[in-house]
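Below is one structure, written out as structure tokens, with a few remarks after it.
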Amino acid sequence: MNETTSPQSGPPPSESLQSASVRDALITDQPSDAAEVARAVRLLHDGGLVVFPTETVYGLGADAGNAEAVARLYKVKKRPDTHPVIVHLSDVEQLHDWAAEVPEGALRLAERFWPGPLTLVLKRAVGVPDAVTGGQATVGLRIPSHPMALALLRQFREAGSENEAAAASTFNQYGSPPVASAPRLRGGIAAPSANRYGRISPTRAEHVRSDLGDDVDCILNGGACEVGIESTIVDYSSGHPVLLRPGGLSAARIAEVAGEELLLPGDNAPRAPGSHAAHYAPRARLKLLRRTDIIEYLAQHKGQRVAALALEVSVARLAAQYTVVMPAVAAGYARMLYANLRHLDASGADMILVELPPDTPAWAPVLDRLRRAAHDEPLAPREPGRWGQFKRKAAAGMDVEAEGVDGGNAVMQAAEGDGAESL
Ligand code: TXA
Ligand code: MG
């Protein structure tokens, strides 16, 4: 047994809490307070990048009216600059500033579901910067419902008006004539999910810290995201609703309030990076398989580093070396999906087998993300991971809840467990 885990040789618990790393962890894991939100507002106005929690996933925010700040956002995200970003607002009335046309059905959706996990794509208004539309004729808009996001957005918008008034009075003081300039659209925060392009979206502040770290100016901590997958995107720019991305709000509820069926995108639909293959992807290979195929796979790959994400109902039959058990209810599954994919990826497994959930409308957004996450080749060199460590713990019969499994129950099999013996 090594020193740090030995009760005889390790420091007493009260002393170990004084260590710098633990103290930092305790401090940074606190939710952000009002002063931090106010600081984030100032940073945004100064062209900074601020990560903030939403009810879906964490967003990487920049002043949508500041082309330079948005350009830096694309650079940090490593996203091609032809892909549009969603502009986040705080009030439904702002729709008319940012969109040239708001069809009746779209307004009904905004009034009914905002703040909430719905993004509307509409014809862009004059003055919407190319930087956020990727040069397209439309703009994506959403009001998130997380209280910290709403506070940030409201204060950002209010501070913008004050700044402008202050700037105008300073100008007059020097007796200069008023200068005619195009009205700058204020009060919108451009924010893609706060992950590098193509990777798993973050649903906790610590995910962002480990992915983006010092590349951003501030990370607001608002705890674990309630919905856990991205917003549903509905394109109303043609006058009729087209479902571009299934997400946190069900397509059936949207159709009900819109008063018409949702269309599916045709060939000339706007570009949506989330629709590319190998999106939302872990570094390990991921296979989406039926329960029986997982059992067969495990039997054929004994001794290999294979992990599994299984549904509650079938876990007794799926004996991978390292298994995370997921709820059999779609909303609960979605809430913890990304955190658990990250967790399995960090285990050092070379292969993650995901049990195929039921193919029903309620599961459509989850299935969409899983299908995109499944890819054949690793996207980047694998880090050594902690597989060996997991195996040692398994041999000692330890529970791994403390390792950060999000809500699911981790089930460890014996280190040399061969995956198929419990069939
Ligand atoms: O839940 C969410 O939507 C999160 C949170 C942070 O709000 N944001 C998010 O952003 O998922 P992002 O950039 O990772 O995904 C936004 C998607 C992209 O697929 C983008 O192409 C699409 O929205 N999008 C944005 N503006 C668009 C537009 N004008 N036309 C078509 N698609 C658009
Ligand atoms: Mg994204």
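Going by my numbering, the first residue of the sequence shown is number 147, and it counts up by one from there.
For each residue, glycine too, the CB sits at the ideal point set by N, CA and C.
This structure is a prediction, so every number in the text was calculated from the model and none was measured.
Tell me isoleucine 365's beta-bridge partners as DSSP assigns them.
As a position in the sequence shown, residue 365 is number 219, starting the count at 1. DSSP lists Val197 as partners of isoleucine 365.
According to DSSP, what are the bridge partners of histidine 234?
Here residue 234 is taken as the residue at index 88 of the sequence shown, counted from 1. Looking at the DSSP assignment, histidine 234 forms a beta bridge with Arg288 and Ile335.
Does alanine 398 pass the burial test, meaning 16 or more other C-beta atoms within 10 Å, or should it be called exposed?
Here residue 398 corresponds to residue number 252 of the sequence shown, with the count starting at 1. With fewer than 16 other Cβ atoms within 10 Å, it is exposed.
Using C-beta distances below 8 Å, list every residue in its chain close to arginine 488, excluding the 5 sequence neighbours before and after it, in chain order.
Here residue 488 is taken as the residue at index 342 of the sequence shown, counted from 1. Ile346, His353 and Pro428.
Using the beta-carbon count (16 or more within 10 Å), is glutamine 467 buried or exposed?
Working through the sequence shown from its first residue, we reach residue 467 at position 321. Buried: at least 16 other Cβ atoms inside 10 Å.
So arginine 258 is in the alpha helix (DSSP H); what residue range does that whole segment cover?
On the sequence shown, position 112 is the one that residue 258 refers to. Where arginine 258 is concerned, the enclosing alpha helix (DSSP H) stretches over 250-259.
Write down the C-beta distance between arginine 342 and lysine 221 rounded to the nearest angstrom, noting that I regard them as a contact closer than 8 Å.
What you label residue 342 is simply residue 196 of the sequence shown in a count that begins at 1. What you label residue 221 is simply residue 75 of the sequence shown in a count that begins at 1. Between lysine 221 and arginine 342 the Cβ distance is about 11 Å, and since that is not below 8 Å, they are no contact.
Give the DSSP bridge partners of lysine 269, in chain order.
As a first step, residue 269 is located in the sequence shown; it is residue number 123 there, counting from the start. Bridge partners of lysine 269: Thr284.
Cβ of glutamine 282 versus every heavy atom of the ligand TXA: is any distance shorter than 6 Å?
Looking up residue 282 in the sequence shown gives position 136. Result yes, Cβ under 6 Å from the ligand TXA.
Mind checking whether arginine 254 and valine 403 have CB atoms under 7 Å apart?
Position 108 of the sequence shown, counting from 1, holds the residue named residue 254. Position 257 of the sequence shown, counting from 1, holds the residue named residue 403. In contact: arginine 254 and valine 403 (Cβ atoms closer than 7 Å).
Considering aspartate 381, what are the terminal residues of the alpha helix (DSSP H) in which it resides?
Here the question's residue 381 lines up with position 235 in the sequence shown. Per DSSP, aspartate 381 belongs to no alpha helix (DSSP H); it is in the beta strand (DSSP E), 378-381.
With a threshold of 6 Å, establish whether the CB of glycine 344 neighbours any heavy atom of the ligand TXA.
For the purposes of this step, residue 344 is taken as residue 198 along the sequence shown, with counting starting at 1. Not so, every heavy atom of the ligand TXA lies at least 6 Å from the Cβ.
By a C-beta neighbour count over all protein chains shown, 10 Å radius and 16 as the cutoff for buried, is arginine 332 buried or exposed?
Taking the sequence shown and counting its residues from 1, one reaches residue 332 at position 186. Classification for arginine 332: buried.
Report whether the distance from the Cβ of serine 339 to the nearest heavy atom of the ligand MG is below 6 Å.
As a first step, residue 339 is located in the sequence shown; it is residue number 193 there, counting from the start. Checking the Cβ of serine 339 against the ligand MG gives yes.
For the ligand TXA, any of its heavy atoms closer than 6 Å to the Cβ of valine 272?
To locate residue 272, count along the sequence shown from 1; it is residue 126. No, since every heavy atom of the ligand TXA falls outside the 6 Å radius drawn around the Cβ of valine 272.
For arginine 436, collect the residues of the same chain with a Cβ closer than 6 Å to its Cβ; drop the 5 residues on either side in sequence, then sort them by chain order.
Position 290 of the sequence shown holds residue 436. If we look at arginine 436 and ignore the five residues flanking it on each side, its Cβ neighbours are Leu502.
Straight-line CA distance for valine 168 to glutamine 176?
Numbered from its first residue, the sequence shown carries residue 168 at position 22. Numbered from its first residue, the sequence shown carries residue 176 at position 30. Annotation note: pLDDT 37 at valine 168 (below 50); position unreliable, no value reported.
Methionine 294 to alanine 184, Cα distance in whole Å?
Start at 1 with the first residue of the sequence shown, and residue 294 comes out as number 148. Start at 1 with the first residue of the sequence shown, and residue 184 comes out as number 38. Each residue's alpha carbon lies about 11 Å from the other.
Let's test the definition: count the other Cβ atoms within 10 Å of the Cβ of histidine 242 and tell me whether it reaches 16, buried, or not, exposed.
Reading the sequence shown from its first residue, position 96 is the one you call residue 242. It counts as exposed.
Helix or strand or just coil, what does DSSP make of valine 274?
Taking the first residue of the sequence shown as 1, we reach residue 274 at position 128. Three-state result, valine 274: coil.
If we call anything under 7 Å between Cβ atoms a contact, is alanine 477 one with threonine 469?
Position 331 of the sequence shown, counted from the first residue, corresponds to residue 477. Position 323 of the sequence shown, counted from the first residue, corresponds to residue 469. No, the Cβ-Cβ distance between alanine 477 and threonine 469 is not below 7 Å.
Proline 230: beta carbon under 6 Å from a heavy atom of the ligand TXA?
Reading the sequence shown from its first residue, position 84 is the one you call residue 230. For the ligand TXA, at least one heavy atom lies less than 6 Å from the Cβ of proline 230.
Suppose you measure from the CA of arginine 412 to the CA of arginine 303; what does that come to, to the nearest Å?
Sequence index remark: in the sequence shown, residue 412 carries index 266 (1-based). Sequence index remark: in the sequence shown, residue 303 carries index 157 (1-based). According to the sequence displayed, residue 412 carries glycine and not arginine. Those two C-alpha atoms are separated by around 36 Å.
With a floor of 4 residues, list each alpha helix (DSSP H) that falls wholly inside the region 431-487, ordered by position along the chain.
Listed in chain order, the complete alpha helix (DSSP H) runs (minimum 4 residues) inside the region 431-487 are 437-446.
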